[in-house]
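Here's the structure we're looking at; comments come further down.
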């Protein structure tokens, strides 16, 4: 009888050991809408769909959203945060220090690439030098280097322009419409919404960046084994192949995940590397 009890204990221990440690995907998008709490039901449904596509138990994979720079960085410090979805400015600003390794690109709904638009009071900016003494704000403002580089084709920004992070883009646009010395840097979705503003006639899109990657799925350090990484990448890429998967992606405003094109990321990194520190 004692031998049977020991055997049962051994089997129970083996089953526990066989259950893989849970992984967490962090969706980190500074300045974007919603809170961690508001997004959690959608993130739970997404995680359940990914786990199913990977053939894993539901508890093996979790997902969480963070719309603040500091909160996202803090969450990535936890050992279970093995995967992260980040907008391109976040990857370029923090990728090296956080050991982020790109695995896939995020394709927006509609298949659009990202563009960044400089918006100011109509007629106020004729060249980059006109931004002297101004504020330039937006969701990418946590990375002045990124802002400088995406506007480089328009001109070299003056040294005294104050680049800052501001998630309240509508407030920035109101100030610009009133003629205050402030400009906004908008992503594609924000720029497309401009014409619906009641004060749109007082605003002008002064410059638009070249199309670029919107967001990336990255591994965090070496927290993913090769096998689990392979399975996860395949599961994410397969989501848009079913109606249920497409619905899940739509809840988090993603069209699909796809492999990075040859040289695609290298081109962005060259642009980043060309910038002065």
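In my numbering, the protein residues as written are 441 to 717. Beta carbons: idealized from backbone N, C-alpha and C, even for Gly.
Spatial neighbours of residue i in its chain, beta-carbon cut-off 7 Å, leaving aside the 5 residues before and after
{"i": "residue 479", "result": "505"}
{"i": "residue 552", "result": "628"}
{"i": "residue 630", "result": "609"}
{"i": "residue 689", "result": "679, 680, 695 and 696"}
{"i": "residue 571", "result": "565, 597, 598, 601 and 623"}
{"i": "residue 584", "result": "603"}
{"i": "residue 607", "result": "471 and 579"}
{"i": "residue 698", "result": "544, 545, 547 and 677"}
{"i": "residue 712", "result": "532 and 589"}
{"i": "residue 519", "result": "663"}
{"i": "residue 449", "result": "Reliability fails at residue 449, whose pLDDT of 37 lies under 50, so the model's placement of it is uncertain and the value that follows must be treated cautiously. There are no such residues."}
Backbone CA spacing between residue i and residue j [nearest angstrom]
{"i": "residue 456", "j": "residue 684", "result": "Reliability of the predicted coordinates at residue 456 is poor, the pLDDT of 36 falling under 50, and no value is obtained from them."}
{"i": "residue 524", "j": "residue 659", "result": "7 Å"}
{"i": "residue 527", "j": "residue 618", "result": "30 Å"}
{"i": "residue 499", "j": "residue 605", "result": "36 Å"}
{"i": "residue 576", "j": "residue 603", "result": "5 Å"}
{"i": "residue 512", "j": "residue 466", "result": "8 Å"}
{"i": "residue 646", "j": "residue 463", "result": "43 Å"}
{"i": "residue 510", "j": "residue 709", "result": "24 Å"}
{"i": "residue 533", "j": "residue 682", "result": "35 Å"}
{"i": "residue 670", "j": "residue 632", "result": "36 Å"}
{"i": "residue 649", "j": "residue 588", "result": "11 Å"}
{"i": "residue 590", "j": "residue 581", "result": "12 Å"}
{"i": "residue 721", "j": "residue 476", "result": "Residue 721 cannot be examined here, being either before or after the span of the chain that is shown, 441 to 717."}
{"i": "residue 550", "j": "residue 484", "result": "24 Å"}
{"i": "residue 586", "j": "residue 556", "result": "11 Å"}
{"i": "residue 666", "j": "residue 674", "result": "12 Å"}
{"i": "residue 592", "j": "residue 492", "result": "44 Å"}
{"i": "residue 634", "j": "residue 615", "result": "14 Å"}
{"i": "residue 537", "j": "residue 494", "result": "29 Å"}
Buried or exposed (CB count within 10 angstroms, at least 16 for buried), residue i
{"i": "residue 663", "result": "buried"}
{"i": "residue 517", "result": "exposed"}
{"i": "residue 668", "result": "buried"}
{"i": "residue 522", "result": "buried"}
Spatial neighbours of residue i in its chain, beta-carbon cut-off 6 Å, leaving aside the 5 residues before and after
{"i": "residue 447", "result": "The pLDDT assigned to residue 447 is 39, lower than 50, so where the model puts this residue is not dependable; a value taken from the coordinates is nonetheless given after this. If we look at residue 447 and ignore the five residues flanking it on each side, it has no Cβ neighbours."}
{"i": "residue 639", "result": "617"}
{"i": "residue 487", "result": "501, 502 and 503"}
{"i": "residue 661", "result": "539"}
{"i": "residue 460", "result": "500"}
{"i": "residue 686", "result": "680"}
Any C-beta of chain C under 8 Å from that of residue i
{"i": "residue 586", "result": "Although the question refers to chain C, the structure presented lacks it and comprises just one protein chain."}
Identified DSSP bridge partners for residue i
{"i": "residue 587", "result": "According to DSSP, which records beta bridges pairwise, residue 587 is partnered with nothing at all."}
{"i": "residue 545", "result": "656 and 698"}
{"i": "residue 558", "result": "625 and 647"}
{"i": "residue 577", "result": "604 and 624"}
{"i": "residue 502", "result": "464"}
{"i": "residue 521", "result": "464"}
{"i": "residue 540", "result": "660"}
{"i": "residue 526", "result": "656"}
8 Å Cβ cutoff met for residue i and residue j
{"i": "residue 560", "j": "residue 623", "result": "yes"}
{"i": "residue 547", "j": "residue 656", "result": "no"}
{"i": "residue 625", "j": "residue 558", "result": "yes"}
{"i": "residue 700", "j": "residue 490", "result": "no"}
{"i": "residue 472", "j": "residue 507", "result": "yes"}
{"i": "residue 470", "j": "residue 554", "result": "no"}
{"i": "residue 531", "j": "residue 543", "result": "no"}
{"i": "residue 535", "j": "residue 568", "result": "no"}
{"i": "residue 692", "j": "residue 482", "result": "yes"}
{"i": "residue 672", "j": "residue 637", "result": "no"}
{"i": "residue 573", "j": "residue 621", "result": "yes"}
Distance cut-off 7 Å: residue i Cβ against heavy atoms of the ligand MN
{"i": "residue 603", "result": "Because no ligand of any kind appears in the structure shown, any question about the ligand MN cannot be addressed here."}
Beta-carbon contacts of residue i that lie in its chain and below 8 Å, excluding the five residues immediately before and after
{"i": "residue 641", "result": "562"}
{"i": "residue 474", "result": "505 and 507"}
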